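Residue numbers for the sequence shown follow numbering that gives the first Met the number 0, so the first one is 0 and each next one is one higher.
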Amino acid sequence: MATFTLPAVIPSAEFRKQLPSVLRRFRAERASAAPVVIGAHRKPEAVVISYDLFEALIPLIDDREIAEITRKRIAAGPPESIDDLAAAFGVDFDNP
0 MATFTLPAVI
10 PSAEFRKQLP
20 SVLRRFRAER
30 ASAAPVVIGA
40 HRKPEAVVIS
50 YDLFEALIPL
60 IDDREIAEIT
70 RKRIAAGPPE
80 SIDDLAAAFG
90 VDFDNP
C-alpha cells in the first residue's frame, strides 16, 4: 500500500507569492498535482488541491455520506413495510 506524505506547510504570505506557479502546476499536472498546505506558524490550516482532483473526490465523498446514512438506518432496526406505512396513512394500493 502506498503512503502519501503531505508537503510542508507554507505561510499564507508565501502562498500568495507562489499562487501563479501553483496554478500553472495544477494546469499541467491536473489531478495528479500535489496539494499545497497553508497555515500560520507552519501549522496546517488549509489544503489547496487542483480542481480536477476535487472533481475526482466528489463521488468518494458522496459514497462516504451514503454509507453513513446506511449504517444509521441499519442500526435503527428493520424498516417498516410499505404496506404498514400505507395503512398508517390510510392509503389503499388495491383501490386507488
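The C-beta atom is built at its ideal place from N, Cα and C for all residues, glycine as well.
For clarity, every value in this text was computed on a predicted model and none was experimentally measured.
Query                                                                                                 : Result
Simplified DSSP assignment, three categories, for I37                                                 : strand
Secondary structure of V90, DSSP reduced to three states                                              : coil
Bridge partner(s) assigned by DSSP for V46                                                            : V36
Validate contact between the stretch 50-63 and the stretch 25-32 using beta carbons, cut 8 Å, 3 pairs : yes
Inter-stretch contact (C-beta, 8 Å, three-pair minimum) for the stretch 37-44 and the stretch 63-78   : no
Integer Cβ distance of V21 from V8, believed to fall under 8 Å                                        : Going by Cβ atoms, the distance from V21 to V8 rounds to 14 Å, so no, they are not a contact pair.
Distance between D61 and L84 (C-alpha atoms, nearest Å)                                               : 28 Å
F14: first and last residue of the uninterrupted alpha helix (DSSP H) it sits in                      : S11 to E28
Straight-line Cα distance separating F3 from R24                                                      : 19 Å
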